[in-house]
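If you read the sequence shown in full-length UniProt numbering, its first letter stands for residue 1, the second for the next number, and so on. A short worksheet on the structure shown next.
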Amino acid sequence: MAKDIMVCGVSVKVKNSVSIYNQIASLNLNQSLSAVIDRLDEDLLQIEFSNGNIVDVGWYPSFDEQGEFIIYTISDNNWDEPCARFTTRDGRELIALLKQSIAMASN
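This is the structure in structure tokens:
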């Protein structure tokens, strides 16, 4: 069954999820980085899928204006060797990369 989740104010469809931790739903990336930096940490979004795969989104390093979003796609709980790793500082690109990661992880 598909669910719609909010990511930075944008609706994103997620299929086959069993758990979702979402602290990024209302983050407004149209604001200046300094206005939202106190909300940017390593634990922003995690989606676990029924097949055991995980998509994890965080800001690294936490609360650092020089940081970036990192999106990991994890299989077999192997955090040392992610299936995919994307980085961006751009909100629109974050959504596109997240959708790509969700499609990869949910199959």
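We treat Cβ as the ideally placed atom computed from N, Cα and C, and that holds for glycine. In this text the structure is predicted, and so the values were computed from the model without any measurement.
Classify D56 as buried or exposed, calling it buried when 16 or more other Cβ atoms lie within 10 Å of its own Cβ.
buried
Option nearest G58 by Cα separation, candidates E68, N51, F49
Ranking E68, N51, F49 by Cα distance to G58 puts E68 first.
Can you give the Cα-Cα distance for N28 and R39, rounded to whole angstroms?
10 Å
Cα-Cα separation between A105 and S11, rounded to whole angstroms
18 Å
Under 8 Å, do G52 and D80 count as touching if we go by C-beta distance?
Between G52 and D80, the gap from beta carbon to beta carbon reaches 8 Å or more.
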